[in-house]
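Enquirer:
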Amino acid sequence: RGSDAARLMLVGRLHERRSRYPESIAALRAALDVRREIGDRSGIAQCLAYIGLTLMRQGGFDEAMRHFEESKALWTAIGDRAGVAALLHNTGLLHILQGRYDDALRAIGDSMDIRRETGGLEGLANSLNTIGIIHLERGRGEDALASFRECLDTYRRLGDREGVAYALLNSGNALSSLGRQAEALRSFQESLSACRDLGDRANAASCLAGIGNVHYDRGQEQEAVSAYEESLAINREIGHRPHTATLLENLGGVHSRAGRFEEALRTYGEALALCRQVEDGAETVRCLLGLAETGLRQGRFEEAHAHLVDANGVLGKVDAPGLRAACADAAGRAYLGLGQPAEAASRHREALEAGRRLEDPGLVARSLARLAALDALGGRVKDALAGIDAALAEAARLPETSPEIRVALAECEARVRAAEGDTAKAREVAEHALAIPGVRGLAAPLEALMRDLS
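This note's numbering runs 362 ahead of the 1-based position in the sequence shown.
1) Tell me which residue opens and which closes the alpha helix (DSSP H) that Asp754 is part of.
2) Our contact map puts Arg728 next to His602 with C-beta atoms below 8 Å; I'd like the distance itself, whole angstroms only.
3) Under a three-way DSSP split, which group does Glu721 fall into?
4) Does DSSP put Ser816 in a helix, a strand or coil?
5) Just mark Arg542 as buried or exposed, buried being the case when its beta carbon has 16 or more other beta carbons within 10 Å.
6) Closest to Asn565 by CA distance: which of Met371, Arg379, Pro761 and Glu793 is it?
7) Under the rule that 16 or more other beta-carbon atoms within 10 Å means buried, what is His794, buried or exposed?
8) With contact counted as at least three CB pairs below 8 Å, one residue from each stretch, are the segment 515-529 and the segment 557-577 in contact?
9) Please return the same chain residues whose Cβ sits closer than 7 Å to the Cβ of Gly643, not counting the five positions on each side in sequence.
10) Taking the C-alpha atoms as reference points, what is the distance between Glu425 and Leu417?
11) Leaving out five residues on either side along the sequence, give the residues of the same chain with a beta carbon under 7 Å from the beta carbon of Asp722.
12) Taking the Cβ atom as the reference point for each residue, do Glu811 and Ala792 lie within a distance shorter than 8 Å?
13) Go ahead and label Gln408 buried or exposed: buried means 16 or more other beta carbons lie within 10 angstroms of its beta carbon, across all protein chains shown.
14) Who are the near neighbours of Arg719 in its chain, counting only those whose CB is closer than 8 Å to its CB and skipping five residues on each side?
15) Whole angstroms are fine: how far does the CA of Arg695 sit from the CA of Asp515?
16) Quick one: give me the first and last residue of the alpha helix (DSSP H) that Thr438 is part of.
17) For His547, which three-state DSSP category applies?
18) Between Ala595 and Gly614, is the Cβ-Cβ spacing less than 8 Å?
19) Output yes or no for whether 8 Å exceeds the beta carbon distance between Thr836 and Leu650.
20) My output table needs one value for Pro384: the three-state DSSP class, helix, strand or coil.
21) Quick one: using the 10 Å Cβ neighbour count with 16 as the cut-off for buried, is Pro604 buried or exposed?
22) Return helix, strand or coil for Val680, following the three-state DSSP convention.
23) Between which residues of its own chain and Leu733 is the CB-CB distance below 6 Å, once the five residues before and five after are set aside?
24) Roughly how many angstroms lie between the CA atoms of Arg443 and Ile476, to the nearest whole one?
25) Quick one: what does DSSP say Gln420 is sitting in, helix, strand or coil?
26) Quick one: give me the first and last residue of the alpha helix (DSSP H) that Glu591 is part of.
27) Within its chain, find whatever has a CB closer than 6 Å to the CB of His667; leave out the 5 residues flanking it on each side and keep chain order.
28) Under the rule that 16 or more other beta-carbon atoms within 10 Å means buried, what is Thr480, buried or exposed?
29) Count the other CB atoms within 10 Å of the CB of Ser549; is the residue buried (16 or more) or exposed (fewer)?
30) Would you say Arg659 and Ala776 are within 8 Å of each other, going by their C-beta atoms?
31) Hey, how far is the Cα of Ile406 from the Cα of Thr438?
32) For Asp672, does the three-state DSSP call read helix, strand or coil?
33) For Ala752 and Leu730, I'd like the C-alpha separation in whole angstroms.
34) Out of Leu376, Gly783, Ser764 and Arg369, state which residue places its alpha-carbon closest to the alpha-carbon of Arg563.
35) Do Val726 and Pro765 have their C-beta atoms closer together than 8 Å?
36) Using a threshold of 8 Å, state whether the C-beta atoms of Gly803 and Phe623 are closer than that.
And the structure:
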């Protein structure tokens, strides 16, 4: 009977590695039944842990946690510290997916302490990778990249091809967050090739999503859509609901920026419903923020504000300072549209402070530019000119500048130049921004300014 359980366990793990989650759970539960019959507590703990991981990848977070807790209790009773460390690590991963980063850090830290004592080099590499993910979710791109690169070096020393592929994927995400898109693209492509060789469809889909993000930030709409849709098809096929929601949200952003607002709203709505099903707080905020941005681009300021109120309600349960700052930036524009410039300035100062804490030059540049435009609106032309110069200098620190940042800076600079009385310069800046490919959805404020200048 023990050999039957071992065979079923192997089958279950092979299905999981190939992202065949229902088949994986069926085999693992059959193995669990055998382990229970023969009283193999260590085997029971292993089965529970692997079932929990598979449930987590499908978005069944509560059920996954119950399996992890039962497994951890068994490992503790047996006295297997390596098993306890593995379960603490898995619990940390689950906390990350739910946006509970402090809880995740505690769990991963406890896991690392045990692994250092027991000399588990592979486990330490896993922990470094997960800590990098936490830094990335908190907007600390440089810290994330350092963790991923240490993790990558460790996996290479171990000869762990799967670990190397995963560390390359996450290094790409960190590089992309820092605006180093050429390096990010190389890292994603190297990881994608390895994942395909290994038959790892889930991480191959994540590589494609990362490649789509690079193209999106470069304004390459068709390439972004192609990568996103290929990733989305894989995630739907393997039943990975959290990543399916993320891909839908990404596609919503493409449609919104291109001015396909109805399609954007439909796609964001589908993503939001899925996020709420799997209780993914951070991705729920991203969807609500996307809906708010789409409303702002249409001049529907009350609708945008309502979405941001909903997002702030979720942010109270999610430790995501980068998302909080993005919501503050959007709220500032919503308040300005509602005729409340003092509230708008307060939100943009909040975003500016966050950008400086997070060392995010793109966010700092946008916030300085928006505050400069508010100074221009209030007749404080000298302050406005100083502010827009500071914003442009901050943007120059970025290796590559996304279309959103370029259009936002152009709009604000054009308003400041117009307030200064330099209509020709204002028109030149606005026309240059309107010529950027794929920004039809961002153009309304600039087009309105051009009409005013006429």
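Ideal Cβ placement from N, Cα and C applies to all residues, glycine included.
Expert: In short, the structure shows the following:
1) The question names Asp, but residue 754 in the sequence shown is Leu. Where Leu754 is concerned, the enclosing alpha helix (DSSP H) stretches over Val743 to Ala757.
2) Not really, about 32 Å apart at Cβ, beyond 8 Å.
3) coil
4) coil
5) buried
6) Among Met371, Arg379, Pro761 and Glu793, the Cα nearest to that of Asn565 belongs to Arg379.
7) exposed
8) yes
9) Gln460, Gly461, Val676, Lys679 and Val680
10) 7 Å
11) If we look at Asp722 and ignore the five residues flanking it on each side, its Cβ neighbours are Gly501.
12) Checking the sequence shown, residue 811 turns out to be Leu, not Glu. It is a contact, given that the beta carbons lie within the stated cut-off.
13) So Gln408 ends up on the buried side.
14) Pro683
15) 44 Å
16) Phe423 to Ile440
17) The residue asked about is misnamed: residue 547 is Leu in this sequence, not His. DSSP places Leu547 in helix when its eight states are reduced to three.
18) Going by C-beta atoms, Ala595 is not nearer than 8 Å to Gly614.
19) An answer regarding residue 836 cannot be provided, because it is not within the stretch 363 to 816 covered by the chain.
20) helix
21) Counting Cβ neighbours within 10 Å, Pro604 comes out buried, since at least 16 surround it.
22) coil
23) His710 and Gly749
24) Taking the straight line joining both Cα atoms gives about 7 Å.
25) helix
26) From DSSP, the alpha helix (DSSP H) with Glu591 extends over Glu583 to Ile600.
27) Residues Ala696 of the same chain have their beta carbon placed closer than 6 Å to that of His667, with the five preceding and five following residues left out of the count.
28) exposed
29) buried
30) Cβ atoms of Arg659 and Ala776: not closer than 8 Å.
31) Put simply, the backbone Cα of Ile406 is about 13 Å away from that of Thr438.
32) helix
33) 7 Å
34) Nearest to Arg563 by alpha-carbon distance, out of Leu376, Gly783, Ser764 and Arg369, is Leu376.
35) no
36) Inclusion of Gly803 and Phe623 in the CB contact set at 8 Å is warranted, their separation being smaller than that value.
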